[in-house]
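Student:
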Amino acid sequence: MRAFAWALTLATLAPATVLAGEAGTAAILKVCKKSDAEDCIVREFKNTVEAAQIRGRSVYRAYCVLCHGESGLGDGRAAKVHTPRPANLVASQVPPEYIEMIVRKGGAGVGRYAGMPPWSDQLTDEQISDVKQFLMALRKP
Amino acid sequence: MKRLFQIVAFGLAVSVFNAQAAEIVVSQKNKDFSQKHVKLKVGDSIAFRNDDPFFHNVFSLSDATSFDLGSYPQGQSKTVKFTKAGTVEIECSIHPNMKLVVEVQ
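And the structure:
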């Protein structure tokens, strides 16, 4: 498994993004070169969790990093104007369904701090699903 | 005497009017602020009105004034008073391309 980790070149992703299952890894290695592994995975294996996490990372960097920070620790550049501070997504233990709900409805929509905006108007269903997969991968095992 | 009183009263009214802080309205429409650059005096305010059919947010991380108005839907308006001189860059966290620069003098 570790021998195949290079194929992803996902330096900023959590270890959980390493391919799950030898069969899946072997299939990707047959198709994808190291030099464009991420693009290849998204292009050729678009329905896999790995592809979703790569796409989700892009969504996260575009919309979430402002408050939650590059590493998801809740230390983005806008964190200082929020009380309470943005959630530490690495330490979060809420289930994936809850992540999706709070992303869609925002903090106020689930009875929490309103500083978290509702994203259902801005993000597609696929983007929300992708960012959910990325956030699950951010967590420490 | 009556004439003098009228002149003094008028002068006082003018000075009070001039000292009053102004409030301008900036609309959020089509994922943009209706103005890109605004000049204000210390004590003036901006009411940010959401005229789009989806949520907007308004925040600033500038040293002169930092705030986050949260997210609010169409038809709602939230106001910020600028109490310090300086340049304030205002953004929307939901739509990263929205930018407004406020110069407070």
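Protein chains in written order, with the numbering used here: chain A, 493 to 633; chain B, 642 to 746. The beta carbon of each residue, even a glycine, is placed where N, CA and C say it ideally should be. Since the model is a prediction, treat every value here as computed from it, not as a measurement.
1. When you compare each of A:R631, A:Q614, A:W611, A:G564 to Q585 of chain A by their alpha carbons, which one comes out closest?
2. Do the CB positions of G598 of chain A and D709 of chain B come within less than 9 Å of each other?
3. What residues in its chain sit with their C-beta under 7 Å from that of Y552 of chain A, if we drop five residues either side in the sequence?
4. Does the count of Cβ pairs from the stretch 701-708 of chain B and the stretch 524-538 of chain A closer than 8 Å reach three?
5. Applying the 10 Å Cβ sphere with the 16-neighbour rule, what's the burial state of E589 of chain A?
6. What's the call for D617 of chain A, buried or exposed, on a 16-neighbour Cβ count within 10 Å?
7. What is the residue span of the beta strand (DSSP E) that I665 of chain B lies within?
8. Kindly indicate which residue of A:A629, A:V541, A:I620, A:R535 has the alpha-carbon position closest to the one of L581 of chain A.
9. Excluding the 5 residues flanking A600 of chain A on each side, which residues of the same chain have their C-beta closer than 6 Å to its C-beta?
10. F700 of chain B and S734 of chain B - do their beta-carbons sit closer together than 9 Å?
11. Got a sec? Which residues, its chain only, sit under 6 Å from A579 of chain A by beta carbon, not counting five neighbours each side?
12. Closer than 7 Å by beta-carbon distance: list the chain B residues that pair up with G598 of chain A, in chain order.
13. Just to confirm before moving on: does the CB-CB distance between E730 of chain B and V743 of chain B stay below 9 Å?
14. Could you tell me if A543 of chain A is buried or exposed, where buried requires 16 or more neighbouring beta carbons within 10 angstroms of its beta carbon?
15. Show which residues of chain A have a CB atom less than 8 Å away from the CB atom of F723 of chain B.
16. Just checking: is the beta-carbon of A705 of chain B within a distance shorter than 9 Å of some beta-carbon in chain A?
17. To the nearest whole angstrom, what separates the beta carbons of P737 of chain B and A570 of chain A, a pair I think is in contact under 8 Å?
18. Beta carbon of D528 of chain A: closer than 8 Å to some heavy atom of the ligand GTP?
19. Buried or exposed for T540 of chain A, please, with buried defined as at least 16 other CB atoms from any protein chain shown within 10 angstroms of its CB.
20. Any beta carbon from chain A within less than 9 Å of D685 of chain B's own beta carbon?
Tutor: With the structure as the only source:
1. A:R631
2. no
3. V623, F626
4. no
5. exposed
6. exposed
7. 664-670
8. A:A629
9. A606
10. yes
11. G566
12. S712
13. yes
14. buried
15. Within chain A, no residue comes near F723 of chain B; the closest Cβ sits about 15 Å away, beyond 8 Å.
16. no
17. The pair is not a contact, with the Cβ atoms about 11 Å apart (cut-off 8 Å).
18. Judged by which ligands are present, the structure shown has none, so any question about the ligand GTP falls away.
19. buried
20. no
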